[in-house]
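Under our numbering, the sequence shown has 92 at position 4, and the numbering climbs by one with no breaks.
Ideal Cβ placement from N, Cα and C applies to all residues, glycine included.
Here's the structure, in structure tokens; my notes come after.
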Amino acid sequence: MKVFVLLIVVLLFVLWKKYQKQLKDHQRQDTGPSTGSAANPQARELLPCSVCGVHADKASLGLNAQGQYVCANHHQSGA
Ligand SMILES: [Zn+2]
């Protein structure tokens, strides 16, 4: 019986160590993208469409003949 209890204690210890390692890995994964997303707000710059004034991501906006930012709808209709 003593050996059985010892076995359970060892098993719990191993599981606890595994759980801690998983937590650390998760924290590393969480902090990884967060540092990358910190640079995202600069990339996701919102600009107004010069035609309708709707704000959209700079990446999704297009330039018209006058070099003004226009939304996808007006970019397609303009071109
Ligand atoms: Zn527009």
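Please classify Lys109: is it buried, with 16 or more other beta-carbons within 10 angstroms of its beta-carbon, or exposed? exposed
For the beta strand (DSSP E) holding Ala144, just list the boundary residues, first then last. His143 to Asp145
Could you work out which residue in Glu133, Ala144, Lys106 and Gln164 is closest to Ala153 when comparing CA atoms only? Gln164
Look up Tyr157 in the DSSP assignment and give the residues it is bridged to. Answer is Leu151.
Any heavy atom of ligand 1 closer than 7 angstroms to the beta-carbon of Asn152? no
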